[in-house]
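Okay, so here's the structure we're looking at.
There are 2 protein chains.
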Amino acid sequence: MLDVYHQRVESELSRRLAERKGIDANLHQAMHYSLMNGGKRLRPTLVYLANDLLGGQPEQADSAACALECVHSYSLVHDDLPAMDNDELRRGKPTCHIQFNEATAILTGDALLTWAFELLSQPSETLAPATQLQMVHDLARCSGDLGMVDGQAFDLGSEGKRLSLEQLNNMHAAKTGELIRASLRLGALASGNATDADLAALDRYAQKIGLAFQIQDDILDIESTTEQLGKPQGSDEERDKATYPALVGLAQSKRWLHQLHQEAIEALEPFGSRNRSLIALADFIIARNH
Amino acid sequence: MLDVYHQRVESELSRRLAERKGIDANLHQAMHYSLMNGGKRLRPTLVYLANDLLGGQPEQADSAACALECVHSYSLVHDDLPAMDNDELRRGKPTCHIQFNEATAILTGDALLTWAFELLSQPSETLAPATQLQMVHDLARCSGDLGMVDGQAFDLGSEGKRLSLEQLNNMHAAKTGELIRASLRLGALASGNATDADLAALDRYAQKIGLAFQIQDDILDIESTTEQLGKPQGSDEERDKATYPALVGLAQSKRWLHQLHQEAIEALEPFGSRNRSLIALADFIIARNH
Numbered sequence: 001m002l003d004v005y006h007q008r009v010e011s012e013l014s015r016r017l018a019e020r021k022g023i024d025a026n027l028h029q030a031m032h033y034s035l036m037n038g039g040k041r042l043r044p045t046l047v048y049l050a051n052d053l054l055g056g057q058p059e060q061a062d063s064a065a066c067a068l069e070c071v072h073s074y075s076l077v078h079d080d081l082p083a084m085d086n087d088e089l090r091r092g093k094p095t096c097h098i099q100f101n102e103a104t105a106i107l108t109g110d111a112l113l114t115w116a117f118e119l120l121s122q123p124s125e126t127l128a129p130a131t132q133l134q135m136v137h138d139l140a141r142c143s144g145d146l147g148m149v150d151g152q153a154f155d156l157g158s159e160g161k162r163l164s165l166e167q168l169n170n171m172h173a174a175k176t177g178e179l180i181r182a183s184l185r186l187g188a189l190a191s192g193n194a195t196d197a198d199l200a201a202l203d204r205y206a207q208k209i210g211l212a213f214q215i216q217d218d219i220l221d222i223e224s225t226t227e228q229l230g231k232p233q234g235s236d237e238e239r240d241k242a243t244y245p246a247l248v249g250l251a252q253s254k255r256w257l258h259q260l261h262q263e264a265i266e267a268l269e270p271f272g273s274r275n276r277s278l279i280a281l282a283d284f285i286i287a288r289n290h
Numbered sequence: 291m292l293d294v295y296h297q298r299v300e301s302e303l304s305r306r307l308a309e310r311k312g313i314d315a316n317l318h319q320a321m322h323y324s325l326m327n328g329g330k331r332l333r334p335t336l337v338y339l340a341n342d343l344l345g346g347q348p349e350q351a352d353s354a355a356c357a358l359e360c361v362h363s364y365s366l367v368h369d370d371l372p373a374m375d376n377d378e379l380r381r382g383k384p385t386c387h388i389q390f391n392e393a394t395a396i397l398t399g400d401a402l403l404t405w406a407f408e409l410l411s412q413p414s415e416t417l418a419p420a421t422q423l424q425m426v427h428d429l430a431r432c433s434g435d436l437g438m439v440d441g442q443a444f445d446l447g448s449e450g451k452r453l454s455l456e457q458l459n460n461m462h463a464a465k466t467g468e469l470i471r472a473s474l475r476l477g478a479l480a481s482g483n484a485t486d487a488d489l490a491a492l493d494r495y496a497q498k499i500g501l502a503f504q505i506q507d508d509i510l511d512i513e514s515t516t517e518q519l520g521k522p523q524g525s526d527e528e529r530d531k532a533t534y535p536a537l538v539g540l541a542q543s544k545r546w547l548h549q550l551h552q553e554a555i556e557a558l559e560p561f562g563s564r565n566r567s568l569i570a571l572a573d574f575i576i577a578r579n580h
């Protein structure tokens, strides 16, 4: 199931990128390089799963799936810049500003972010304009200064400071949690059948798997290999980055990860037996090794 | 008339920024610093004028006016970055990355761009969802890799190269023209009364004043003072930048400016006597000294 959606968004992104060949060649290459980079496609998969959960057809969710990957991808390109995290490798390949240059990486991020909103607002035969508009609004709120960008700004301002557990939770909730939440909300909305109660249940699930994802990231940085990670193992510790293992220890981090896993599954109870794929997704987040 | 709209968008931006005080303080300050910077507010003014031209009330156009200024402002913040134009002054004040730092400037641009789409997609009592959706779509197309960002990418790739007149025109049409076009289109759409013919006439007008604006910019860089410009006079020549005076001479640039002025006014003929404010705006672009 997860593989099907992975392939689906790969092919959708690839097809839609090919349609934009008329633009500046360097910009097009950099957008392609940054988007088609072997990523996990977690956010598009969440879009499709939430859409399916509420009875939507995959084609209703294609634009949202692509839009979410565009926003995720833009955030990585900008995050990797020298003035930000100064990362030279991403999934084992040179980051955008290394492969191209810094100016191109800035513009590529800008283009991908803007494209996300173009994708969501395209005339649609299956979605009502009011639904599309709510998808635009949810994505903007979750990814901007009330969401993801706020988390990145806080992260930036907390360099070298010792964070409390609450601050670390809040930072990750904004920095990665909000986009995971947006993925599930947009997928649900794309079905045309989402109630407020559905969205609230998905918000709770999002909160749990978002935090679990981050804790697992921190654990992997300690326990995985550079090859599996596609980036240098142990880099968090080297940078003195605030992580869950650093704050509460590795054993407690693992206990908490499993508790969040359970709570994520509980959040899906309102959906009855239709919830299997989202449970599998929660399992995947815990079990992944990269 | 222009003053009224200038004050209106200042107050709208200021009020809406104040509502976002809960975010990261540094990010909020940088957003405020970049938006409330004494700019000309040309794009919001165009939004209001096009809205008024088609019988809309100003309050229908407030969100679009703010969104256009957010996109313009983000593009300046990113354009000024060391990896891009490396500008330290903007309207006589330190640019965002000088006043704060590079990472903050990157995030501030990202936040302003995202906020633009949040503003346009807010639930509205006066605009139909389908109209709001078209506004989102038009802004995304005009400001992304099919519009403004494409122009910036071309500009980047043409450094040190000799451009033809056609290339220079195309670059400016994308880099500044598309956002001016978006301003007029969104203002017209916000009225709820825009026909395809209206939008086409405004597109023609946009094309003329967009190019006129750029030619006047190039002329001012030669003929104005550093004080009036708020940035070093003569910087285009010093950087060996492709400009109209450099390509066709100062006298020909001025002749062309006046021809575009005439053509802009002709493009407004379908609107009959309602077109006075947009004529005044074209006059302002030609007469401005900063």
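Heads up: the protein sequence lines correspond to chains A and B, in order.
Under our numbering, the first residue of the first sequence carries the number 1, and numbering increases by one thereafter.
Under our numbering, the first residue of the second sequence carries the number 291, and numbering increases by one thereafter.
Cβ atoms here follow ideal geometry from the backbone N, Cα and C, with glycine treated the same way.
Treat the numbers as computed from the prediction; the structure is a model and nothing was measured.
- C-alpha of residue 374 of chain B to C-alpha of residue 14 of chain A: approximately 28 Å in a straight line.
- For the stretch 425–459 of chain B, the set of positions with a beta-carbon nearer than 7 Å to some beta-carbon of chain A reads 426, 427, 430, 431, 433, 434, 435, 436, 439, 440, 442, 443, 444, 446, 447 in chain order.
- Ranked by Cα distance from residue 340 of chain B, the first of B/395, B/566, B/536, B/357 is B/566.
- DSSP places residue 380 of chain B in the strand class (E or B) of the three-state scheme.
- By the beta-carbon neighbour count (other beta carbons within 10 angstroms, threshold 16), residue 530 of chain B is exposed.
- The Cβ atoms of residue 467 of chain B and residue 500 of chain B lie closer than 8 Å to each other.
- When B/547, B/447, B/398 are compared, the shortest CA-CA separation from residue 573 of chain B is found for B/547.
- Contact residues of the stretch 100–122 of chain A toward chain B are 101, 102, 103, 104, 105, 106, 107, 108, 109, 110, 111, 112, 113, 114, 115, 116, 117, 118, 119, 120, 121, 122 (C-beta to C-beta distance below 9 Å).
- For residue 313 of chain B, the chain A residues whose C-beta falls within less than 7 Å of its own C-beta are 145, 146, 150, listed in chain order.
- Residue-level contact by beta carbon holds for residue 422 of chain B and chain A, with a gap shorter than 8 Å.
- Taking the C-beta atoms as reference points, residue 107 of chain A is found nearer than 8 Å to residue 27 of chain A.
- Rounded to whole angstroms, the separation of the alpha carbons of residue 234 of chain A and residue 183 of chain A is 29 Å.
- Exclusion of the five residues before and after residue 441 of chain B leaves 461, 464, 465 as the residues of its chain whose Cβ lies within less than 6 Å of its Cβ.
- Non-local beta-carbon contacts of residue 363 of chain B in its own chain, meaning distances under 6 Å to residues more than five positions away in sequence, involve 324, 325, 402 in chain order.
- Here DSSP, grouped into helix, strand and coil, assigns residue 51 of chain A to helix.
- In the DSSP assignment, residue 425 of chain B falls within the unbroken alpha helix (DSSP H) covering 419–433.
- Residue 561 of chain B places its beta carbon less than 8 Å from that of residue 343 of chain B.
- Between residue 333 of chain B and residue 358 of chain B the beta-carbon gap is near 4 Å, inside 8 Å, which marks them as a contact.
- Under the Cβ criterion of 8 Å, residue 36 of chain A is not counted among the residues facing chain B.
- The beta carbons of residue 577 of chain B and residue 480 of chain B sit no closer together than 8 Å.
- Between residue 495 of chain B and residue 550 of chain B, the CB-CB gap reaches or exceeds 8 Å.
- Residue 433 of chain B places its beta carbon less than 8 Å from that of residue 469 of chain B.
- Per DSSP, reduced to three states, the secondary structure at residue 162 of chain A is coil, with no helix or strand assignment.
- Taking the C-beta atoms as reference points, residue 23 of chain A is found nearer than 8 Å to residue 435 of chain B.
- Residue nearest to residue 92 of chain A within the set A/38, A/219, A/114, A/166 is A/38 (criterion: CA-CA distance).
- If you check the CB distance, residue 245 of chain A and residue 222 of chain A come in under 8 Å.
- In the three-state scheme derived from DSSP, where H, G and I count as helix and E and B as strand, residue 174 of chain A is classed as helix.
- Contact of residue 317 of chain B with chain A by beta-carbon distance below 8 Å involves 145, 149, 150, 153.
- In the three-state DSSP reduction, residue 101 of chain A falls in the coil class, being neither helix nor strand.
- Taking residue 243 of chain A as reference, the option from A/166, A/208, A/281, A/200 with the minimal CA-CA separation is A/166.
- Taking 8 Å as the CB threshold, residue 83 of chain A lines the interface with chain B.
- Residue 575 of chain B is a Cβ neighbour of residue 506 of chain B, given a cutoff of 8 Å.
- Per DSSP, the unbroken alpha helix (DSSP H) holding residue 498 of chain B starts and ends at 486–513.
- Residue contact check for residue 172 of chain A against chain B: no CB pair falls below 8 Å.
- For residue 29 of chain A, the closest of A/86, A/87, A/99, A/47 by C-alpha to C-alpha distance is A/99.
- Chain order gives the chain A residues near residue 368 of chain B as 106, 110, where near means a beta carbon separation below 7 Å.
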